[in-house]
Amino acid sequence: MKKKYLGPKPPKRGAILETRRQLKMAKSAHAYVRGNTIQFYEWLQTESAALLPKGPSIWICGDCHVGNLGPVGNSDGEIELAIRDLDQTVIGNPAHDLVRLGLSLATAARGSDLPGVTTARMIEQMTEGYQEALAPRRKQKVKKGKIPDPVQTVLKQALRRRWKNLANERIEGVSPQIPLGERFWALSKEERLRIKELFATEAARKLVTCLQDREDDAPIEVVDAAYWMKGCSSLGRLRYAVLVRVGKTKGTEEKFCLIDIKEGVAAAAPRARGSKVFKDHAARVVEGAMNLSPFLGERMLPAKLLGRSVVMRELLPQDLKLEMESLTVDEAVAAARHLAFVVGRAHARQMDAKTRKKWREVLNRSRLKTLDAPSWLWKSVVELVARHEAAYLEHCRQYALQTK
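Numbering of the sequence shown is given in the numbering used here, commencing with residue -8 and proceeding in unit increments.
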């Protein structure tokens, strides 16, 4: 009988994770854009980026690409489309999120083999959707019925999902356990011990019991845990999946939940001058989430594990990644508008009416005669697409040489 693969020992994980990251980025130009965050920040240091307006200093996503948007559930069972990954969140310039989103949408359009004129229309609609989110509520036109098909599909899927769907994807067996193999790797004794100590804290218990259908004083117990090989740009950091039993006292029903533990590291995204400096990167991520995606932020907790800052977050069945592949022209244009509205809403909730109005006025300036969008946004996206396309091809060449 073939011995089951349990994953590498902790000292050997780094090389395997880096190889996997390089492979993921080689799969498509859009995957490369999502995984190569640093190149975008390097571009922000060039003369071209000097064209960008200085927006109000607010919490921004910092890595605002399509894959970091999707359905997010809250502790009361509600769902909304929101920013779902805040690793790079900082108090910064909202224009950076707009350009990053524009780059991601343009690359997705190219991946769907859509004509260049569609990309231009997407940037126009992206501008409209974002500005609509900044408008007074009575003037907002984005309604549930106008949600584009790719987004509507994933939202309907999220609404139908229950714990059993998440369990089928992540755990196995009658006695629940995390399946070790390609994605989940065995822990060292030290890792297992420290994780159990972390979940013995009152803060961790409160996080686990915060959902509406759980007793506030319910006991919790770690049933299983594993190292989780997940993500792309974050591969190489500490990442654990923890299966937790909730309840099991007289008169209460035994329930389970999955907790994602992810290392918080220094943000590469530039922060606004004079803004708060966070020594604890996990605390920065959670505070950013509370401002940008409250549904997500309310079920996150900064903590310490193995001497490092980590973010604890319960995985809900409704948390899904938005995929933008094989789009039609109409789907791409509609999706660009709606996703920009989602980002604009996250920004707008941090601004008062005066600030929103002023920022809208800035966005209405320097429009191109042939394009109903800010010239700086269009020029930035075009330059970044060209830069990333060239870098992607070079990445593939290097990857091919290394894997011969």
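The beta carbon of each residue, even a glycine, is placed where N, CA and C say it ideally should be.
Extent of the continuous alpha helix (DSSP H) to which residue i belongs
i: A337; result: V320 to A339
i: A86; result: P85 to G102
i: M342; result: Run containing M342: none; DSSP gives neither H nor E here.
i: R112; result: G107 to L125
i: L190; result: Residue identity check: residue 190 is Phe in the sequence provided, not Leu. Counting along the chain, the alpha helix (DSSP H) containing F190 begins and ends at K180 to F190.
Bridge-paired residues (DSSP) for residue i
i: E212; result: R236
i: A217; result: A232
i: F175; result: W219
i: I250; result: V233 and E305
i: R356; result: According to DSSP, R356 bridges with nothing at all.
i: L42; result: Paired residue(s): none; L42 is not in a bridge.
i: W50; result: I82
i: L362; result: L359
Secondary structure of residue i, DSSP reduced to three states
i: P1; result: helix
i: T243; result: Note on T243: pLDDT 47, under 50, position unreliable in the model; the coordinate value appears next. The answer is coil: DSSP assigns T243 none of H, G, I, E or B.
i: V165; result: Note that V165 scores 49 on pLDDT, short of 50, meaning its location in the model is unreliable; the coordinates nonetheless yield the value given after this. Of the three classes helix, strand and coil, the one that applies to V165 here is coil, per DSSP.
i: G64; result: strand
i: F286; result: helix
i: R25; result: helix
i: E69; result: coil
i: K348; result: helix
i: V199; result: helix
i: V256; result: coil
i: A6; result: helix
i: L226; result: strand
i: L14; result: helix
i: K134; result: Summary for K134: the model assigns pLDDT 49, below 50, so the residue's position carries little reliability, and this model does not support an answer.
i: S19; result: coil
i: A149; result: Since pLDDT at A149 reaches only 49, below the 50 mark, its modelled position is unreliable, and the value read off the structure follows with that caveat. It is helical.
Bounding residues of the beta strand (DSSP E) (the contiguous stretch that carries residue i)
i: L296; result: M291 to L296
i: S371; result: Looking at the DSSP string, S371 is not in any beta strand (DSSP E); the run it does join, the alpha helix (DSSP H), is S366 to Q393.
i: V302; result: R299 to L306
Option in the options with minimal Cα separation from residue i
i: C55; options: A337, C387 and Y390; result: A337
i: L184; options: D207, F31, V233 and D104; result: V233
i: G298; options: R264, E254, E316 and Y383; result: E254
i: A40; options: I169, H87 and P127; result: H87
i: R174; options: F31, L287, Y218 and L96; result: Y218
i: R12; options: N27, K0, A20 and G(-2); result: N27
i: S317; options: P210, L368 and A99; result: A99
i: A280; options: G58, W50 and Y390; result: W50
i: C52; options: P261, V372 and A327; result: P261
i: L189; options: D215, P85, L296 and S103; result: L296
i: F286; options: F31, A73, A22 and R264; result: A73
i: V63; options: L283, E352, H386 and G172; result: L283
i: R328; options: R356, E119 and K(-5); result: E119
i: V324; options: Q341, R264 and R112; result: R112
i: K425; options: L198, F247 and V256; result: Absent from the model: residue 425. The displayed extent of the chain is -8 to 395, so no value can be given.
i: D5; options: M220, C387, V213 and V373; result: Per the sequence shown, the amino acid found at residue 5 is Gly instead of Asp. Comparing Cα positions, the closest option is M220.
i: G58; options: A339, K267, V372 and R75; result: R75
i: R347; options: Q79, E123 and L8; result: E123
i: A259; options: I82, L8 and G46; result: I82
i: Y121; options: S266, V237, V334 and L60; result: V334
i: G238; options: F247, Y231 and R230; result: F247
i: R91; options: Q168, A382 and E374; result: E374
i: S366; options: I114, S48 and L60; result: I114
i: Q79; options: R290, T394, A274 and D310; result: A274
Residue i: CB within 8 Å of a non-hydrogen atom of the ligand ATP
i: G64; result: This structure lacks the ligand ATP, and indeed carries no ligand of any kind.
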